[in-house]
Ligand SMILES: Nc1ncnc2c1ncn2[C@@H]1O[C@H](COP(=O)(O)OP(=O)(O)O)[C@@H](O)[C@H]1O
Ligand SMILES: [Mg+2]
């Protein structure tokens with residue numbers, strides 16, 4: 143009878159063993175798929191970072207040219223009055239030009255002179271004026287000075303301009319290349335750390351353009367967003383989760399919050415334009431309005447995350463507090479909120495990260511303007527980092543390409559430090 | 213050889229569910245035994261509890277005496293916890309839950325519209341099935357109640373309350389060196405005693421306990437039982453338990469619930485040795501439950 147193995151009832155162990163290989167194979171397959179997914183996403187991440195960094199790191203260096211400037215009293219301050227108005231109106235551009243002419247005395251033709259002047263950034267003249275204004279005693283002296291080179295020269299030095307192309311296809315002409323080479327032989331051209339990039343606002347000239355303005359714009363905008371959306375979002379979540387009765391009205395609110403979280407951000411921009419600018423008459427292009435608009439956009443995210451955090455607090459904690467006579471308010475603020483806070487912070491940081499990267503709504507409220515001055519407060523016109531990236535990416539100059547990637551790096555660094563801060567805060571709250 | 217009606221009800225309890233045949237059920241389920249006591253601490257009359265449409269407690273009348281331990285037993289789902297939670301209005305936290313009838317605490321109806329639940333819950337404390345210390349230090353766990361109710365005038369006052377509560381809960385010697393460590397780091401039995409200390413720190417009159425030992429090992433259980441016996445001198449204790457041995461060991465009176473009805477109540481001795489109602493007898497002799 144025992145030859146008919148198929149009909150013989152098998153023991154549990156046998157039946158389990160028969161399935162075992164299949165089960166393990168399934169498990170292995172799943173593991174491999176998960177690993178594959180992680181590897182692919184890591185590859186994309188490496189690709190992304192690699193291309194951004196290789197494109198952008200050059201922008202942290204800038205080519206400078208050494209000039210020997212003689213601050214001629216006859217030209218700058220003929221009367222010797224040291225009057226700031228006179229000093230301010232003096233022709234520093236001319237000073238730079240004459241210095242360049244002195245360095246290359248053979249250049250005589252007008253056209254050639256123009257090419258010569260193009261070697262140095264127009265920012266050099268501003269730099270000289272600044273120096274003289276802050277220290278009028280310089281007049282009459284001669285100083286060795288490093289001034290930024292023009293962005294085309296910068297590109298040439300960094301090897302982004304192909305010398306073998308026909309001259310007409312190049313932004314830097316043969317003659318200019320010869321001058322630059324000559325300067326390089328004398329050690330009068332040098333790549334230095336580009337502090338301008340971190341201290342200046344936007345500019346039409348790539349070598350004078352910096353990220354500081356956009357960074358401050360983003361900082362002010364995000365501060366307002368955080369200051370408004372976190373308390374409001376948490377308060378709304380606490381009310382809805384802990385106090386509100388469940389009825390049609392609260393259901394309606396819940397559905398609407400979920401819907402708002404999915405509304406395209408540009409719609410919030412249009413809303414902000416209509417409400418804050420057209421109706422309340424706030425100025426355009428200011429971080430205050432940007433922050434208000436991003437608050438509208440971030441609120442649903444924070445509310446949803448905060449509610450989830452509150453839901454995840456075990457009900458036994460609430461019962462314990464209520465059971466010894468804590469009021470509902472005390473229960474929430476003494477016991478539930480401290481437990482939910484890490485989750486709420488995570489939600490807030492996700493919302494803030496979204497807000498940091500948001501461009502479209504800011505376009506609608508005019509934070510896309512060309513703004514040279516670094517904003518000093520939330521009422522000054524400003525752009526934000528992603529908008530600056532968008533603006534630079536749109537510029538034709540090769541040097542702006544480099545700066546676009548550098549700006550992305552700054553944005554990512556901002557993002558990473560924000561996330562780190564959130565992780566630190568969360569750790570701190572979790573420990574208690 | 214059981215009477216026919218009992219067989220039916222024990223095999224297919226739904227048939228006699230109060231929702232379907234209220235009148236027949238009532239004839240069958242009129243509470244047996246003496247529900248009232250002299251000078252009761254709490255007194256429940258005609259208590260009905262509904263979860264939405266579903267009735268979980270059906271016209272229960274019961275007195276709870278002073279300085280007694282009353283045990284509530286019955287098969288699971290019969291409404292013991294529901295009834296217990298009526299006594300300090302913990303059911304208020306459940307949206308769908310509705311309570312009718314009258315529950316007096318020292319002759320004051322606790323379901324009175326004007327009554328505030330905060331002082332009520334300070335008077336009627338509760339210990340839950342699963343130990344639920346706050347995720348805070350041991351000291352903070354015990355000090356929280358006195359602090360929110362303003363029971364201590366100074367820090368040293370509070371220290372005294374914390375120490376004596378932990379003493380009475382039999383936990384002091386085990387935790388006196390680590391009061392600043394989290395209460396959640398204690399063992400299950402210690403956590404439950406911490407919860408008891410937290411409850412008695414606000415000096416309640418009544419302590420409700422909902423299967424306080426069901427998550428504990430026998431040694432921890434024995435300690436808690438001992439503690440309950442000591443606490444009886446100062447407090448009134450209503451305890452739900454699924455262990456009949458426990459009920460027999462620690463209680464003076466026992467109430468037997470069945471499908472939302474209070475079937476029988478009486479002296480614990482008498483309930484376990486000489487139950488009057490067939491359902492009680494079936495449950496006690498282990499025929500169902
Ligand atoms: N929150 C609730 N919502 C709806 N029904 C509930 C709720 N809690 C308990 N019930 C129901 O009430 C009845 C009694 O439950 P419970 O009091 O927990 O029983 P016991 O503690 O005796 O096991 C059960 O049928 C249960 O399903
Ligand atoms: Mg129960």
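Residue numbers (our numbering), protein chains in the order written: chain A, 143 to 574; chain B, 213 to 501.
Ideal Cβ placement from N, Cα and C applies to all residues, glycine included.
Rounded separation between residue i and residue j - CA only
i                      : j                      : result
residue 337 of chain B : residue 388 of chain B : 24 Å
residue 558 of chain A : residue 195 of chain A : 15 Å
residue 456 of chain B : residue 423 of chain B : 12 Å
residue 363 of chain B : residue 361 of chain A : 48 Å
residue 310 of chain B : residue 473 of chain A : 22 Å
residue 520 of chain A : residue 332 of chain A : 38 Å
residue 351 of chain B : residue 156 of chain A : 56 Å
residue 567 of chain A : residue 397 of chain A : 31 Å
residue 296 of chain B : residue 569 of chain A : 39 Å
residue 481 of chain B : residue 464 of chain B : 8 Å
residue 527 of chain A : residue 334 of chain B : 56 Å
residue 382 of chain A : residue 478 of chain A : 14 Å
residue 395 of chain B : residue 348 of chain B : 6 Å
residue 181 of chain A : residue 171 of chain A : 15 Å
residue 235 of chain B : residue 489 of chain B : Only weak support is given to the placement of residue 235 of chain B: the predicted model assigns it a pLDDT of 37, under 50, and the value that follows is read from those uncertain coordinates. Cα to Cα, the separation comes out at about 18 Å.
residue 282 of chain A : residue 303 of chain A : 39 Å
residue 461 of chain A : residue 562 of chain A : 35 Å
residue 314 of chain B : residue 322 of chain B : 8 Å
residue 430 of chain A : residue 199 of chain A : 32 Å
residue 491 of chain B : residue 466 of chain B : 14 Å
residue 431 of chain B : residue 161 of chain A : 42 Å
residue 388 of chain A : residue 308 of chain B : 10 Å
residue 379 of chain B : residue 445 of chain B : 15 Å
residue 326 of chain B : residue 284 of chain B : 29 Å
residue 238 of chain B : residue 402 of chain B : At residue 238 of chain B the pLDDT is 44, less than 50, meaning the model places this residue with poor confidence; the figure from the coordinates comes in the next sentence. Roughly 43 Å between the two C-alpha positions.
Cβ-Cβ distance between residue i and residue j below 9 Å
i                      : j                      : result
residue 427 of chain B : residue 404 of chain B : yes
residue 342 of chain A : residue 534 of chain A : no
residue 201 of chain A : residue 548 of chain A : yes
residue 237 of chain A : residue 211 of chain A : yes
residue 354 of chain B : residue 409 of chain B : yes
residue 263 of chain B : residue 306 of chain B : yes
residue 419 of chain B : residue 339 of chain B : yes
residue 349 of chain A : residue 235 of chain A : no
residue 208 of chain A : residue 269 of chain A : no
residue 482 of chain A : residue 458 of chain A : no
residue 498 of chain A : residue 560 of chain A : yes
residue 317 of chain B : residue 253 of chain B : yes
residue 315 of chain A : residue 255 of chain A : no
residue 541 of chain A : residue 260 of chain A : no
residue 386 of chain A : residue 452 of chain A : no
residue 313 of chain A : residue 297 of chain A : yes
residue 498 of chain B : residue 267 of chain B : no
residue 474 of chain B : residue 273 of chain B : yes
residue 261 of chain B : residue 298 of chain B : yes
Residue i Cβ short of 8 Å to ligand 4 heavy atom set
i                      : result
residue 494 of chain B : Absent from the structure shown: ligand 4. Ligands present: ligand 1 and ligand 2.
Could you please tell me which residues of the segment 350–374 of chain B, in chain order, have their CB closer than 8 Å to any CB of chain A?
-> Residues passing the 8 Å Cβ filter: 356, 357, 360 and 361.
Would you list, in chain order, the members of the segment 457–478 of chain A that have their beta-carbon closer than 8 Å to a beta-carbon of chain B?
-> Per Cβ criterion, the list reads 458, 459, 460, 461, 462, 463, 464, 465, 466, 467, 468, 469, 472, 476 and 477.
Residues within the segment 375–387 of chain A neighbouring chain B, beta-carbon criterion of under 9 Å | So the list reads 387, given in the order they occur along the chain.
What residues does ligand 1 have around it, judged by CB closer than 5 Å to any heavy atom, in chain order?
-> Counting every residue whose Cβ lies closer than 5 Å to a heavy atom of ligand 1, we get B/263, B/268, B/288, B/289, B/290, B/291, B/292, B/293, B/294 and B/306.
Listed in chain order, which residues of the segment 278–308 of chain B have Cβ atoms closer than 9 Å to some Cβ of chain A?
-> Listed in sequence order: 300, 302, 304, 305 and 307.
Taking only beta carbons into account, state which residues of the segment 386–411 of chain B come closer than 8 Å to chain A, listed in chain order.
-> Listed by position along the chain: 407, 410 and 411.
Residues of the segment 474–507 of chain A with Cβ closer than 9 Å to any Cβ of chain B, in chain order | Taking 9 Å as the Cβ-Cβ cut-off against chain B, the residues of the segment 474–507 of chain A that qualify are 476, 477, 480 and 481.
Three or more C-beta pairs below 8 Å linking the segment 500–519 of chain A and the segment 438–457 of chain B = Touching, no, given that fewer than three Cβ pairs across the two stretches are closer than 8 Å.
Count the C-beta pairs between the segment 397–409 of chain A and the segment 442–452 of chain A that are closer than 8 Å, then say yes if the count reaches three, no if not.
-> In the pairwise beta carbon analysis, the segment 397–409 of chain A is classified as touching the segment 442–452 of chain A: at least three pairs are separated by under 8 Å.
Between the segment 489–496 of chain A and the segment 412–431 of chain A, do at least 3 Cβ pairs fall closer than 8 Å?
-> These segments do not touch.
Contact set between the segment 446–472 of chain B and chain A, restricted to residues whose Cβ is under 7 Å from the partner = Of all residues in the segment 446–472 of chain B, none places a beta-carbon less than 7 Å from a beta-carbon of chain A.
Using 8 Å as the threshold, is the segment 241–256 of chain A in touch with the segment 165–182 of chain A, meaning 3 or more CB pairs across them?
-> Touching, no, given that fewer than three Cβ pairs across the two stretches are closer than 8 Å.
Residues in the segment 412–431 of chain B with C-beta within 9 Å of chain A's C-beta atoms, listed in sequence order?
-> Listed by position, the residues of the segment 412–431 of chain B near chain A (Cβ gap below 9 Å) are 413, 414, 416 and 420.
Taking Cβ-Cβ distances below 9 Å as the criterion, which residues of the segment 262–273 of chain B are in contact with chain A?
-> Residues passing the 9 Å Cβ filter: none.
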